[in-house]
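Q: Residue numbers (full-length UniProt numbering): 1 to 183.
Positions of the beta carbon are idealized from the N, C-alpha and C atoms, including for glycine.
Quick one: the structure is below, and I'll ask about it shortly.
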Amino acid sequence: MIELNRDMDVKMKSGREEISLERPKSSYKTTDSGIKEILKELKEKLSDKANKHLRVDRALIYVDREKIKTDNDIKVIRSQLSTIRTDYGNRIDAIDDYINRMNSIYDNILRKSREVNSLENEVEELGIFKFKQKKYLNERIEELKNEINEFKESEFYQKNLKYTDKLDELKRERKECLEVLKM
């Protein structure tokens, strides 16, 4: 009689003697290859009569034929999981990069807008007789406005959405990717 307990220890009674094969306690999952190893060891330890009586050969043939979770299958599944993990990791990196660029664009626009406002205030405060300085400041204001418009034409500037709405959407997508990776 063959008994398989939860830890995959095998005890076999053959006549008067008891044959015991123990699986390492560290392996919690039993694959067909693990069962096959146990059956091969049993086959080696049993006499021919007991082997035929207990149908160990038939069990070995079954394990060979039915390869449900062989080491190869496990390697394929692991490679698929690592592919999924890297894909989601790349998506998270892309989202982080997009958020950083978007923040950079908005920071530059704010900085340039503040500079334009301060220069416009300076021009208003200048007296009537300082034409050269006014001309220089007006040219600088136009340059800054052109730079702001260039920033607004960037793919990272959201024309139709508020900055915070787009940022919330990206953070939500990033959170979903992280949840998938935690599974």
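Alpha carbon to alpha carbon, how far is E179 from Y88?
A: Sequence index remark: in the sequence shown, residue 179 carries index 179 (1-based). Sequence index remark: in the sequence shown, residue 88 carries index 88 (1-based). The alpha-carbon atoms of E179 and Y88 are separated by roughly 10 Å.
Q: Say whether the region 162 to 175 touches the region 124 to 141, bearing in mind that this needs 3 or more beta-carbon pairs closer than 8 Å, one atom from each stretch.
A: Contact fails: fewer than three Cβ-Cβ distances are below 8 Å.
Q: At which residues does the alpha helix (DSSP H) containing K152 begin and terminate?
A: Along the sequence shown, read from residue 1 onward, the residue named residue 152 stands at position 152. F131 to K152 is the extent of the alpha helix (DSSP H) around K152.
Q: Taking only three categories from DSSP, how would you classify G89?
A: Taking the sequence shown and counting its residues from 1, the one referred to as residue 89 is at position 89. Note: G89 maps to helix in three-state DSSP.
Q: Are the Cβ atoms of I95 and E173 separated by less than 8 Å?
A: As a first step, residue 95 must be located in the sequence shown, where it is residue number 95. As a first step, residue 173 must be located in the sequence shown, where it is residue number 173. Against a cut-off of 8 Å, the Cβ pair of E173 and I95 comes out as a contact.
Q: So, V116 versus K145, is the Cβ gap smaller than 8 Å?
A: Position 116 of the sequence shown, counting from 1, holds the residue named residue 116. Position 145 of the sequence shown, counting from 1, holds the residue named residue 145. Yes.
Q: Rounded to the nearest angstrom, what separates D93 and S79 at their Cα positions?
A: Counted from its first residue, the sequence shown places residue 93 at position 93. Counted from its first residue, the sequence shown places residue 79 at position 79. Approximately 21 Å, taken between the alpha carbons.
Q: Can you check whether the CB of I109 is closer than 8 Å to the CB of I148?
A: Working through the sequence shown from its first residue, we reach residue 148 at position 148. Working through the sequence shown from its first residue, we reach residue 109 at position 109. Yes, the pair counts as a contact, with Cβ atoms nearer than the cut-off.
Q: I need the straight-line Cα distance from D97 to N90, nearest angstrom please.
A: By 1-based counting over the sequence shown, the position of residue 97 is 97. By 1-based counting over the sequence shown, the position of residue 90 is 90. About 10 Å.
Q: In the DSSP assignment, find the unbroken alpha helix (DSSP H) run with L181 in it and report its ends.
A: Taking the first residue of the sequence shown as 1, we reach residue 181 at position 181. Looking at the DSSP string, the run of the alpha helix (DSSP H) that includes L181 is Y163 to K182.
Q: At the level of alpha carbons, what is the spacing between E37 and K75?
A: Counting from 1 along the sequence shown, the entry for residue 37 is found at position 37. Counting from 1 along the sequence shown, the entry for residue 75 is found at position 75. Cα to Cα, E37 sits roughly 19 Å from K75.
Q: One question on the structure: do E124 and I141 come within less than 8 Å of each other, judged by their Cβ atoms?
A: Reading the sequence shown from its first residue, position 124 is the one you call residue 124. Reading the sequence shown from its first residue, position 141 is the one you call residue 141. In this structure, I141 does not lie closer than 8 Å to E124 by Cβ.
Q: Would a C-beta distance cut-off of 8 Å place R101 and F156 closer than the cut-off?
A: Residue numbering aside, residue 101 sits at position 101 when the sequence shown is read from its first letter. Residue numbering aside, residue 156 sits at position 156 when the sequence shown is read from its first letter. In this structure, F156 lies closer than 8 Å to R101 by Cβ.
Q: In this structure, how does DSSP classify N108 when only helix, strand and coil are distinguished?
A: For the purposes of this step, residue 108 is identified with residue 108 of the sequence shown, where counting begins at 1. In this structure, N108 counts as helix in the three-state DSSP scheme.
Q: Looking at C-alpha atoms only, which residue of N138, E153 and K171 is the closest neighbour of S118?
A: Your numbering for residue 118 matches position 118 in the sequence shown. Selected option, being the one with the closest Cα: N138.
Q: How should K112 be labelled, buried or exposed, when 16 other C-beta atoms within 10 angstroms of its C-beta is the threshold for buried?
A: Taking the sequence shown and counting its residues from 1, the one referred to as residue 112 is at position 112. Per the 10 Å Cβ criterion, buried.
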